[in-house]
Amino acid sequence: FRFTSPEIERMAQMEHHRWAEALRREGWTYAPGARDEAHKTHPALLPWDQLSEADREKNRVAARELPTFLARAGFEVRRR
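Read in the working numbering, the sequence shown has 28 at position 24, and its numbers run on one by one without any break.
1) In three-state DSSP terms, what is Thr72?
2) Determine, using beta carbons only, whether Ala67 and Phe5 come nearer to each other than 9 Å.
3) At the level of alpha carbons, what is the spacing between Gln80 and Met15?
4) With DSSP run on the structure shown, which of helix, strand or coil describes His43?
5) Confirm, please, whether the CB-CB distance from Arg64 to Glu13 is below 9 Å.
6) Please state if the CB of His20 and the CB of Ala35 are separated by a distance shorter than 9 Å.
7) Based on the DSSP secondary-structure assignment, which residues constitute the bridge partners of Thr33?
Here it is, written out as structure tokens:
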């Protein structure tokens, strides 16, 4: 199974939003530079359209790999 490019893009955006909200609930905020666990700051806590292409691609890779990950757990993706 392979997702279409628009599906990958949408899922990548959704995953970034989910991840960012989870970190914000834990008290993390945006700051440029390196991730700082002591101060709970992260450079990727930005809206999708402000992320670097490299950070966007990390989310796309995760979306592309989802069918393989699910297959390893005994599941499969099917279209309705």
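Note that CB positions come from ideal geometry on N, CA and C, so glycine has one too.
Working from what's here:
1) helix
2) no
3) Correcting the residue identity first, residue 80 is Glu in this sequence and not Gln. Between Glu80 and Met15, the C-alpha separation is close to 17 Å.
4) coil
5) yes
6) no
7) Thr45
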